[in-house]
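Following: one structure in structure tokens, then a few remarks.
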Amino acid sequence: MKTRTLANLVILLAVFFVLPIHSALAVKPIVIGCPLATSFVYGWTSERAITLAIEEINKAGGVDVAGMKRPFKVEVIDTRDLEPGVPVSEALLAVEKLILEKKADFIMGGPLRSEAALAAMDLLSKYKKVSILTAGVLTPKYHARVAKGYERFKYCFRITGEAKWMVVGEIVPCLVEIEKKYGLNRLFIMVQDVAHARAGGGIIAKVMAKKGWHVVGKPEIYPTGTTDFSMGLIKAKKEKAQVILIWMDMPETSILLKQWYDMRIPALPFGSIIAAAEQPGFWNATEGKGEYCLANVVNAGNAPSNATPWTMRFVEAYKKRWNIEPEGYGTSTSYMAPYVLKDAIERAGSLRPDAVIEALEKTDMMGVYGRIRFDPRSHQVIPSVDPEQGAVGTIFQWQAGKRVVVFPKKIAMGEIRLPPWMQ
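Number 456 in our numbering belongs to position 213 of the sequence shown; there are no gaps in the numbering.
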């Protein structure tokens, strides 16, 4: 018995001294919990992009945590928070399950619905879990809440754009360009009945009115899941609208565009957020009836462009991995989030929340959609129309079956066109 015990001890010592420690022992992964509405484009694209980034990071050796290389591991739970009628509490249960059952070290991705993400902030504070929002949640209330209650909500970061900047920094300047080029200035607004859309539509109406545009009536509000938009389109035509601004993140927006085309509405469809039109498959799904529709996909890289040297590398890598181009809002930001987190962990040399928060606040790196930095007080990514200065947005137009980036000028790949029945 003593001989066998001695032999076992010799073997064990040999394992420890001959092999590196991280080879002899199973390295504990860094768990990233992703609460995402996986049945919707913003959910599954976020999951795909996060997965792609983590596969690349792990293949390159993982994350260096104070000299120890550790891999990332993804845990995804469907929040269903973009489905009509699903209560916010279901998304909160998903977040809590990721923390308590899946042992997530960090939260990334969602929840995607603004109301759910705002409610989840208290859970993240309670469990001291650093979170990086990568899609959805366009409401300015999110980062305003961080700034106002920093000590409580310092765990919450958002690496994608938000409604206020989208309006004043992207949508309004693009509309002004359309007016200068084509003389269009009669605006009709159609929005989804969710917080960010109602707010965004209202702000655009006020801003454009001050710029001399004629805003036709009040924004038309549609419940999530609406499948008939014909009455609103008839009203737009009757009122001689020249631009129809659409702010909806539901897939039924494809029906809206089909109806617009079939009715030959003489107004340019401008999707400040228009989920269905963002996707590469939209052209075939609508048999080309979505041509001339503009769509704001919030950040560069969600449609092909040359915003930075990273942009097309990401587009090609995503296409190779998933057999489709990046599918719309939240894709490029979800891809960058693991890289930004890796960078912060390695600079912090720790997984401790306070250390990672401090490192994230000092982030300054180039990415798929430009220079990535966070406002140190609100934890909102700093935007710009120049990728050298900040996170740049993207507005594209469907032209001959392709998504052609038309705004901002620094990254534009073409110019805005009008449908033939408007010329």
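Using N, Cα and C, we set each Cβ at its ideal position, and we do this for glycine too. Computed from a predicted structure; not experimentally measured.
Close Cβ partners of residue i (< 7 Å) along its chain, the five nearest in sequence each way excluded
i    : result
K384 : L361
R564 : L295
V261 : Because the pLDDT of V261 is 44, which lies under 50, any placement of that residue in the model is unreliable, and the number read from its coordinates should be weighed accordingly. Within the same chain, V261 has no close Cβ partners at all.
I320 : P278, A337, K340 and L341
Y393 : R620
A528 : S497
V647 : F639, Q640, M656 and G657
E667 : The question about residue 667 has no answer, for the chain in this structure spans 244 to 666.
Close Cβ partners of residue i (< 8 Å) along its chain, the five nearest in sequence each way excluded
i    : result
R660 : Y535, Q640 and Q642
Y561 : R291, A292, L295, I567, E568, P569, T574 and Y578
Pair within 8 Å by beta-carbon distance, residue i and residue j
i    : j    : result
V437 : T403 : no
G636 : M433 : no
I654 : A550 : yes
V540 : E568 : no
I498 : A479 : no
H457 : N428 : yes
E495 : V284 : no
W490 : G443 : yes
G533 : T574 : no
V317 : I300 : no
F396 : L376 : no
I293 : P581 : yes
E405 : Q623 : yes
L355 : V380 : yes
K369 : A347 : no
T322 : S357 : no
D492 : Q435 : yes
Q502 : S548 : no
E604 : A591 : no
I414 : S289 : no
N542 : A634 : yes
Host alpha helix (DSSP H) of residue i (start-end)
i    : result
D321 : Element bounds for D321: not the alpha helix (DSSP H) but the beta strand (DSSP E), F315 to D321.
R595 : Here R595 belongs to no alpha helix (DSSP H), and DSSP marks it neither H nor E.
P630 : Unbroken run through P630: none, as it is neither H nor E.
E394 : Y393 to F396
D505 : T496 to D505
R401 : Segment C399 to R401 is the beta strand (DSSP E) holding R401; no alpha helix (DSSP H) there.
I421 : V415 to Y425
G475 : S473 to K481
I508 : Run containing I508: none; DSSP gives neither H nor E here.
R291 : V284 to K302
V338 : V331 to L343
S357 : S357 to Y370
For residue i: DSSP bridge partner residues
i    : result
A538 : G514 and F639
W490 : V434 and I516
E463 : M433
R646 : W641
F525 : Answer is none; F525 lacks a bridge partner.
L279 : D321
I654 : BP columns for I654 are empty, so no partner.
H386 : BP columns for H386 are empty, so no partner.
G610 : G613
D307 : K312
I273 : F315
H439 : In DSSP, H439 forms no bridge with anything.
V458 : L430
Contacts around residue i, its chain only, beta-carbon distance under 6 Å, and the 5 residues preceding and following it disregarded
i    : result
W287 : T281
A359 : D324, V331 and A334
G524 : none
P663 : none
T248 : With a pLDDT of 49 at T248, under the threshold of 50, the modelled position of this residue cannot be trusted; read the value that follows with caution. No residues qualify anywhere along the chain.
M665 : P509
C417 : I638 and F650
A484 : R429, F431, V459 and A510
Endpoints, beta strand (DSSP E) assigned at residue i
i    : result
S621 : Segment: none, S621 is in no beta strand (DSSP E) and carries neither H nor E.
F349 : F349 to G352
S374 : S374 to L376
V558 : Unbroken run through V558 is the alpha helix (DSSP H), P552 to W565; no beta strand (DSSP E).
CB-CB length for residue i against residue j, believed under 8 Å
i    : j    : result
D586 : M608 : 6 Å
F431 : E482 : 7 Å
L594 : V308 : 6 Å
P630 : R614 : 7 Å
G412 : A378 : Actually they do not touch by this definition, with Cβ atoms about 19 Å apart.
V628 : M579 : Contact flag wrong, Cβ pair sits at about 18 Å.
V306 : I273 : 6 Å
A538 : I517 : 5 Å
Within-8 Å CB hit, residue i to chain D
i    : result
V373 : Of the protein chains in the structure, only one exists, and it is not chain D.
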